[in-house]
Structures are given as C-alpha cells and as structure tokens.
Amino acid sequence: MKKFKCIIAAAISVITVFSASGCSSIIKTDDPFQKEMHQSESRWITDVCETEDGYYILFGSYAYFIDKNTKKTALLCTKPECAHNDETCNAYLSGYTIFSTADRLFYSNASYVEENGEFVNRGERLYSVALDGNDRKVVQDLEFEPSGNSTYSTPILHKGYVYFVYCGILYRMPLGGNINENAEALWGNEVEKDDRQIFDSIPVGHSFTLWADGDNIYVMTNVQQSDGTYKDILYAYSTADESVKEVWRTPNADTVGEWTSAGVEVSKWYIKDGYIYFYLSGGDYWRCKLETEEYEKLADTYEKTPYGKAMFNDEYMCLLNSEPEDKSIPGYEIAGSYGYDFNNLIGGDTFFVYGIDGSFKCGLSLGSLYEELPDLEDIAPVFIDDNEIWFVAQETHYTGETGVMQEGFLPVGGVKTYDFTLCCVNINSGEITRVNSWHRE
16 MKKFKCIIAA AISVITVFSA SGCSSIIKTD DPFQKEMHQS ESRWITDVCE
66 TEDGYYILFG SYAYFIDKNT KKTALLCTKP ECAHNDETCN AYLSGYTIFS
116 TADRLFYSNA SYVEENGEFV NRGERLYSVA LDGNDRKVVQ DLEFEPSGNS
166 TYSTPILHKG YVYFVYCGIL YRMPLGGNIN ENAEALWGNE VEKDDRQIFD
216 SIPVGHSFTL WADGDNIYVM TNVQQSDGTY KDILYAYSTA DESVKEVWRT
266 PNADTVGEWT SAGVEVSKWY IKDGYIYFYL SGGDYWRCKL ETEEYEKLAD
316 TYEKTPYGKA MFNDEYMCLL NSEPEDKSIP GYEIAGSYGY DFNNLIGGDT
366 FFVYGIDGSF KCGLSLGSLY EELPDLEDIA PVFIDDNEIW FVAQETHYTG
416 ETGVMQEGFL PVGGVKTYDF TLCCVNINSG EITRVNSWHR E
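Here it is, written out as structure tokens:
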C-alpha cells in the first residue's frame, strides 16, 4: 500500500490567496474518480489528472499540461517575465493530489496563508485554479482544526463529493462546501493525536488510501493485528445504502503463495466492478471477488519477471521488470558498478502487457532508452491511457569522488545531477515517444 507522508513543516508552502473557506459555494459535477490516474510509482511525478484535451501532471512542485494529440508539454503559467522558480509562479501548486472538472484544476496542500499581512496556519485545504493556471482560489478546508489531523489520506473527488479522512473518520463533503456546515461523517473511529495503538476491533490505521468505483467508496488502511503483525484491510462504504463493511484483507501465503511482502500488503492493487485486482512482486497476478472472497490467479507473472512494478487501467495490467534483461546495456553496467540492489532500485527494460483478465498481450522493449541515455538508472511507471504506458526515466550523473558505499543505498558524497524524461510507449506499435525532460541539481 502506498504510504503517504505526514504533513510536516518542510512540506508547508506559502501561498497568497484572497478568498476564505467561509465563502465556499457548492460546485456541481458528476465526474467520477479517475482511478487510473492515481497510481504513479514515480517520486517526481506524484499525481496526474485527465481532461478532454490532455493531462495535467505535478512534477516536483509545479504543474504542467500535456496535449493528448501532439504530446507537447507546457508549464501551467502564462505570466509574462515569470522566472518559474518560486511560489509566485502560477504553476507552483506544491500539492499532494490533483484532479479536475470541466473548467477547473483542484489540488490539496497544507499551507500558511497570508491574511491581512500575517501568515496564518489554515491546515490542509483544497485549492483550485483555472485550466490555464490563473485565478487561484481556496475551495474548502479539509481539517476542522489546523494541524489537528493525526491520520492522513489524499482526498479524492467522486461524483460531486470530496472524500477525506480526518482523525480516523471518513468524511464526505460537496465540492466547494464548508467543512463546518457540509462535512458528513460516514464511518470510522476517532484516533487521538498521540495514540498509536491499533486493535482488530478498531478498523483504523494512521495512513489511508481512498478509492471509488461505481457506488462504492473504498478505504485501504494498514492495521496492526492482535498478534502484533500488520495487514492491509479494505473497507467499502456504499453510497446507495450507506452501509460499511470489511470486504478484503491481504491474503496469507497459503492462499496466493509467497511474495516479497507476504501477509502484510500487496505490491499494487486496482478495484473494478466488484473485484480487487492485485500484483504480488515475487509472486503472481491475482484477483478476488469482494462479495464472495473467491480468489483466482490470472497470470503466472513470475515466469516473465520475478519482481516488478505494476500499473493498471480498466483494460490492462502492465508489468515493468525489476532489472534489464540485457545485462550488457550501458546503464546496467554503470549502476552495477555501484553495487545496487536491482530488485529495489532499477526499473527494467521491458513492459509485459496483460489484459485485465490476465491474458498475455505482448512485451514492449525499452532497451533503446538505455542506449540513448547512458546514465539511465531508474524507470517508474506513471499511468496507462489510450493504449499508451507513461513512465519517467531517471538519469543520475556522478561527478568527482562518489565516497563511501552503504549497503542498499546510493553512493554517499560526491556530486550528483539528475535528468528526468517523461516518455510513453504505444502498446500496439511499441513506439517510444519522449514527451518532456527536466534537469535537477
């Protein structure tokens, strides 16, 4: 289960706004949760959302628009003479999540806000901007008390409602609503700020992943069991009848075989039409019918690659092998000279593409990227859409002395610079398109 970092001072940005949450007004939208857009494995492109014309991505703290047809990428700022290097840039969102409606882009952030010449801590909030980056507004608060949330979840938008967790309770609030007037507690148990003891009888963890499919809102959380072990548990809230129930928990190895995090959490999961589909790195590809808890192995993915990174949409499950098949490629030799653990640090050179039903479709080679980008060190899947797999290729350039090598980590000391290239590969043709690049020092 993807872990979300707590809100800490280092992540707080200063944003000047001129509207207050008390002036919230309901925003009508029927847009469903874009589940295929919220699966990024990249530490740099943390979230994506889709509109009719293209995609909006967060790279670092800045938002970019990618045209679907031309693949041209534009920073979301049209201010003349803007240096695009601080919080005054329109593209500076520094958000935890990003989603869209027909005419607005939304993101959440924990911020100090300038009001009447002073900086005030307003806690986690939802903001919006126009699709061109202008007209920034506060949409609504996501905390009843600033910095009072002892648990964290990334909020989601589903059919006009924002769903979020505050202190162990799942809330629903109309998009644009006022938290004190419109937030509705749906389910959960309140957790005190310093309470870290979790029991089976209290279905609450301290980190939550929210999901939506059809009439159901899903909450995945990692719960400590009575024997001291931890296990991912999935709960479903029905918007139709307002019922809440546990529908799934991480299976034991005697059900699905061993994998790298056996019994604790699955490597990647996706919910569609009453099934949870999941990949087990070090194991295989499975699904479980949530209503009956019946398990079915869909593919022996271990035969293709023992370990990997998976990505889903409603049509495909795509699996990136954990290390290049071709051990002679330059990037592999460079990385190998530093003694990396390939299972953890290297994204491979092949996507194995399966139908969501487990039928094998094809293998897509990324080997040419390793030839073209000799310092290529990692590949991270971001999303799948319209028969294209999007991913980030990371080059790491070392200069000077690399210092002491620590087991399982990058070399210590020396100077490193980075180049990131956003790419997509067409599932039908295998053609790789380099979409945009960024340099970081």
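The opening residue of the sequence shown carries number 16 in the working numbering; numbering runs sequentially from there. Where is the CB? At the ideal position from N, CA and C, for every residue including glycine. What you are looking at is a predicted structure, and each value in this text was computed from that prediction instead of being measured.
- Counting only residues of its own chain and dropping the five nearest sequence neighbours on each side, Val279 has a CB closer than 8 Å to the CB of Asn237, Thr244, Tyr245, Lys246, Asp247 and Thr265.
- Selection Leu141, Glu65 and Gly132 evaluated against Tyr122 yields Leu141 as nearest (Cα-Cα).
- For Leu379, the enclosing beta strand (DSSP E) begins and ends at Phe375 to Ser380.
- Secondary structure at Lys94: coil, using DSSP grouped into helix, strand and coil.
- According to the DSSP assignment, Ile194 belongs to the alpha helix (DSSP H) that extends over Ile194 to Asn197.
- In the DSSP assignment, Ala227 falls within the beta strand (DSSP E) that extends over Ser222 to Asp228.
- If you draw a straight line from the Cα of Ala78 to the Cα of Ala198, it is about 28 Å long.
- Inclusion of Ile41 and Gly148 in the CB contact set at 9 Å is not warranted, their separation being larger than that value.
- Counting only the Cα atoms, Tyr310 lies some 45 Å from Arg137.
- With a cutoff of 9 Å on beta-carbon distance, Ile194 and Phe223 are scored as not near each other.
- In this chain, the alpha helix (DSSP H) harbouring Thr270 covers Ala268 to Val271.
- In the three-state DSSP reduction, Lys43 falls in the coil class, being neither helix nor strand.
- Between the stretch 436-456 and the stretch 387-402 there are three or more C-beta pairs closer than 8 Å, enough to call the two in contact.
- Distance from the Cα of Leu73 is smallest, within the candidate group Glu456, Leu437, Ile447 and Thr448, for Leu437.
- Sequence-distant partners of Ala268 (beyond 5 residues in either direction) whose C-beta falls short of 7 Å from its own C-beta, in its chain, are Ala277 and Gly278.
- For Lys431, the three-state secondary structure derived from DSSP is strand.
- Restricting attention to Phe435, Pro47, Leu384 and Glu456, the CA atom closest to the CA of Ile447 is found in Leu384.
- In the displayed model, Ser282 falls within coil according to three-state DSSP, outside both helix and strand.
- Excluding residues up to 5 positions away in sequence, Val368 lie with their Cβ nearer than 6 Å to the Cβ of Cys377 in the same chain.
- Between Gly370 and the set Val407, Gln409, Met332 and Ala395, the nearest pair of CA atoms involves Met332.
- In the three-state DSSP reduction, Glu392 falls in the strand class (E or B).
- Secondary structure note for Tyr322: it is in no beta strand (DSSP E), with a DSSP letter that is neither H nor E.
- Within its own chain, the residues whose Cβ lies closer than 7 Å to the Cβ of Trp59, once the five positions on either side in sequence are excluded, are Phe74, Gly75, Val407 and Phe435, listed in chain order.
- In the three-state reduction of the DSSP assignment, Leu295 falls in the coil class, being assigned neither a helical nor a strand state.
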